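To start, the structure under review is shown below, and the notes come after it.
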Amino acid sequence: MSKRDYYEVLGLEKNASEAEIKKAFKRLAMKYHPDRNPDDTEAEVKFKEAKEAYEILADPQKRSAYDQFGHAGVDASMGGGGAGGFGGAGFGDIFGDIFGDIFGGGGRRDARRAYRGADLRYNMELTLEEAVRGTEQKVRFPTAVACDACEGSGAEPGSSAKTCPTCQGHGQVHMQQGFFTVQQTCPHCHGKGQIIEDPCKKCHGSGQVQENKTLNVKIPAGVDNGDRIRLSGEGEAGQNGGPPGDLYVHIHVRPNPIFEREGSDLYCEVPISFTTAALGGELEVPTLEGKVKLKIPAETQTGKLFRMRGQGVKSVRGGAIGDLLCRVVIETPVKLTKEQRDLLEQLDQTMSESEKHRPKANTWFEGVKKFFEDLGA
């Protein structure tokens, strides 16, 4: 049976780059590998075909000979064995990339190495005043620390770990998978390369114990909802002598009954009476530093914003202090007496006699009238 074109086998054009060839072979190897397709002879044939194509096209000299003379130019270099061996140039390099993924070797954690401890998260709730002015709070949280009894070794004091007899301390063993020899984590020591025959009674051989840790955390002035503070080295203990992780304090600012914060500015809603809105006046409004006077000009409409410079927040990231923006809302009187109702009706009657007293209402009604006239047209 004649062999298929190697480029066709890998699904590539003749000008394919080395990276494209490697990627194509990896895709086919992952799909047709015998260990992923047990008792599937068709998959095994396709895998061998792809492997043979890769061995030729990944080698610049063999690829050049194949491009010039076809299969006749490379059959001699294959020794007539086709895909029977691992002699193809570059195959050893890709072996670890591809078959490590297939057999679980890709990205395997080496248990003998020193590893940094895990980072921890602590959610801290603050009042608006605490966030704006800064504060210091005590936090308590559970974390993994090095066992003080065995000093993190995992072995009972007076004893020590021994070299694993299965892997001879390498943490890896070689297993035969069909016609491949693959490297796997040692099942005896689980990749550590050592065996603890007498584990520490306090940590049960893990080298770590759970403890509650207490810290005083300084919160800088100006933090906002969603900010986080990093405390270096206050996370979980590292493994095998690795450094500890970090603690991240995430800030949550509780809603304030008076103020809302947007960046460096504060907003508050100020109710005013109908009389104050119409005639003007002066009233006291709160700030984070105390009370201040706010002048309300005559004929103020509801929703009007008054800006009070420098009465906002100085952000933790720097910059100028923000402002306080007061939004006035005209409060409609409730539970009126008969006398008050009569007075309001008299006032409304006098204002209805002239359009100048309610310019917005008149403009709106004119707009509504024109809208319906246009619909009728």
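With our numbering as the guide, the letters of the sequence shown map in order to residues -8 to 368.
Glycine residues also receive a C-beta, built at the ideal position from the N, C-alpha and C atoms.
For clarity, every value in this text was computed on a predicted model and none was experimentally measured.
> Name the DSSP bridge partner or partners of K129?
Replying inline: N207
> In three-state terms, what does DSSP make of A105?
Replying inline: coil
> Below 7 Å between beta carbons: does that hold for S306 and G213?
Replying inline: yes
> With a CB to CB cut of under 7 Å and the five nearest residues on each side skipped, what residues in its chain are close to V164?
Replying inline: T157, C158, Q175 and C177
> For the 8 Å Cβ check, are there 3 or more pairs between the segment 230 to 250 and the segment 106 to 116?
Replying inline: yes
> Whose CA, out of H24, M342 and L1, lies closest to the CA of A15?
Replying inline: L1
> Do you know how far the Cα of Y45 is from the Cα of Y23?
Replying inline: 14 Å
>> Taking only three categories from DSSP, how would you classify A289?
In response: coil
> Given D409, which residues of its chain have a CB within under 6 Å of its CB, disregarding the five upstream and five downstream residues?
Replying inline: This structure gives no information on residue 409, because the portion of the chain shown stretches from -8 to 368.
>> On the CB-based measure, 16 or more other CB atoms within 10 Å of its CB, does L19 come out buried or exposed?
In response: buried
> In this structure, does DSSP put V359 in helix, strand or coil?
Replying inline: helix
> Where does A74 fall in DSSP's three states?
Replying inline: Note on A74: pLDDT 39, under 50, position unreliable in the model; the coordinate value appears next. Three-state result, A74: coil.
> Applying the criterion that 16 or more other CB atoms from any shown protein chain within 10 Å of the CB defines a buried residue, is T406 buried or exposed?
Replying inline: This structure cannot settle anything about residue 406, because the visible part of the chain is limited to -8 through 368.
> Taking DSSP as the reference, what is the three-state secondary structure of S151?
Replying inline: coil
> So what's P277 in DSSP terms, helix, strand or just coil?
Replying inline: strand
> CA-CA distance, D215 and E120?
Replying inline: 11 Å
> Near E35, what residues of its chain come up, given a Cβ to Cβ distance below 6 Å and the 5 sequence neighbours on each side ignored?
Replying inline: P25
> Between which two residues does the beta strand (DSSP E) harbouring E322 extend?
Replying inline: L315 to E322
> In the DSSP assignment, what residue or residues form a beta bridge with K373?
Replying inline: What is shown of the chain runs -8 to 368, which leaves residue 373 out entirely.
> Just the Cα atoms here: how many angstroms apart are S343 and F250?
Replying inline: 38 Å
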